[in-house]
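> Dropping the structure in here first, questions after.
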Ligand code: MG
C-alpha cells in the first residue's frame, strides 16, 4: 500500500493508491476518515489495511495538484544514522564505524514533498543527503535482529539537509541537523509488504538541478535496517511511528572539490526505486 498525507484547504487528508494508479482520498471531517498515518500506525498491524479499505471509498484525486504533508509529523523519535555507507564514511575522512553514529532530529525540522527547503541565512554550507527512512510499526525494547524487520511498518524517502558549518562546529551534530525547514520527508509511505525484505537492493539517487550527485544501493548500508532496529532498541523503547533515517551514501556536496552546496533557486530530488521521488525547491530563509 502506498499512502500520502496532504492538506486540503484547512483540513488534513489521507490518500491511498488504488491498483498502482490513481489515488483515492478522504479528509478529516469525512465520516470514514481513518485518521492520519501517525494515528493509524499506533493502532496495530491491521490498521493500514483497514485504512486502505476505507480510503478506497473516497474521492479520486490528482496527487500532483495537492499540497503534501510529511507522511508522519508526530514521531516520538526521529533517529538518524550518520556514516552508514562505507564510501560516504571514507569521503568524510572517517573510518568505517563498528557501531552506528546516531543523532536526533526533531519534527520541527521537517518539510513535505514540494515544500521549500530553507537555506539558513547564517550558513554558506547547506548540503543535501539522500536517505531511506524505516517507519516502526510494532514497538519494543531489546528487539532481536532476526525479529527486527517484523517491527518495521514501511519505508519512505528523506533529505537529511545538513547545515555543515553548524554541524561541524562541535562534535555533536544536533544543531546542524535541526534548522527549521531542512529535513524533507515523503512524498509517500510505502508499506513493507510492497518492497523487498528490509528494503534491500533499491537504487537511491540524489539529483541537484537534474545532475546526479549520489547513486547507490540500499544494500550498501553498513548497518542494515534489521541491525539498526535491534541496536537502537538496546537503549530505548521504540514506539509505533518512530522513524529511523538510515544514512546517506557518497557524493554529498561538502566532500566535493570544490564543494557544491544548495542555494536558493535550486531543486533537489531524492529518488528511491519502488518508493518514490522526493522533490523540493530551495529558498532563502525569510527575514
Ligand atoms: Mg544523514
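Numbering (the numbering used here), first residue to last: 954 to 1240.
The beta carbon of each residue, even a glycine, is placed where N, CA and C say it ideally should be.
(1) Under 8 Å, with one C-beta from each stretch per pair, do the segment 1048-1065 and the segment 1006-1013 reach the 3-pair mark?
(2) Any heavy atom of ligand 1 inside 7 Å of the beta-carbon of residue 1173?
(3) What three-state label does DSSP hand residue 959 in the structure shown?
(4) Using C-beta distances below 8 Å, list every residue in its chain close to residue 1120, excluding the 5 sequence neighbours before and after it, in chain order.
(5) Does the count of Cβ pairs from the segment 1101-1108 and the segment 1063-1073 closer than 8 Å reach three?
(6) On the DSSP letters alone, give me the boundaries of the alpha helix (DSSP H) that residue 1040 sits inside.
(7) Expressed to the nearest angstrom, what Euclidean distance is found between the alpha-carbon atoms of residue 1243 and residue 980?
(8) Smallest Cα separation from residue 1022: which of 960, 1032, 974 and 1035?
(9) Would you mind stating whether residue 956 and residue 1063 have Cβ atoms separated by less than 8 Å?
(10) Expressed to the nearest angstrom, what Euclidean distance is found between the alpha-carbon atoms of residue 1216 and residue 1003?
(11) On the DSSP bridge assignment, give the partners of residue 968 in chain order.
(12) Of the choices 1173, 1090, 1075 and 958, whose alpha-carbon is the least far from that of residue 1195?
(13) Would you grab the beta carbon distance between residue 964 and residue 982 for me? Rounded to a whole angstrom, and I think it's under 8 Å.
(14) Could you give the uninterrupted runs of the alpha helix (DSSP H) lying entirely in the segment 1171-1211, keeping only those of 4 residues or more?
(15) When burial is assigned at 16 or more other CB atoms within 10 Å of the CB, is residue 1012 buried or exposed?
(16) Closest to residue 1018 by CA distance: which of 1039, 958 and 1190 is it?
(17) Within 10 angstroms of the Cβ of residue 1095, are there 16 or more other Cβ atoms? Answer buried if so, exposed if not.
(18) Please confirm if the segment 1183-1194 is in contact with the segment 1022-1032, defined as three or more CB-CB distances below 8 Å between the two stretches.
(19) At a cut-off of 7 Å, would you count residue 1077 as near ligand 1, judging by its Cβ distance to the nearest heavy atom?
(20) For the segment 1218-1238 against the segment 1158-1176, do three or more pairs of beta-carbon atoms, one drawn from each stretch, fall closer than 8 Å, so that the two count as touching?
(21) Mapping the DSSP letters down to three states, classify residue 1013 as helix, strand or coil.
(22) Out of 1213, 1059, 1149 and 1173, point me to the one whose CA is closest to residue 1165's CA.
(23) With burial defined as no fewer than 16 other Cβ atoms inside 10 Å of the residue's Cβ, what is the status of residue 1171: buried or exposed?
(24) By Cβ distance, which residues of its chain are closer than 8 Å to residue 971, with the 5 residues on each side in sequence left out?
(25) When you compare the CB positions of residue 1199 and residue 1085, do they come within less than 8 Å of one another, or not?
(26) Please report the distance separating the alpha-carbon of residue 997 from that of residue 973.
If we stick to the structure as given:
(1) Fewer than three Cβ pairs drawn from the segment 1048-1065 and the segment 1006-1013 lie within less than 8 Å of each other, which leaves the two stretches out of contact.
(2) no
(3) strand
(4) 1126, 1128, 1129 and 1130
(5) no
(6) 1039-1044 is the extent of the alpha helix (DSSP H) around residue 1040.
(7) The question about residue 1243 has no answer, for the chain in this structure spans 954 to 1240.
(8) If we check each option's Cα against that of residue 1022, 960 comes out closest.
(9) no
(10) 43 Å
(11) 957 and 978
(12) 1090
(13) 6 Å
(14) 1178-1188
(15) exposed
(16) 958
(17) Classification for residue 1095: exposed.
(18) yes
(19) no
(20) Yes, since at least three Cβ pairs between the segment 1218-1238 and the segment 1158-1176 fall closer than 8 Å, the two stretches touch.
(21) strand
(22) 1213
(23) Buried, since its Cβ has 16 or more Cβ neighbours within 10 Å.
(24) 977 and 1009
(25) In this structure, residue 1085 lies closer than 8 Å to residue 1199 by Cβ.
(26) 24 Å
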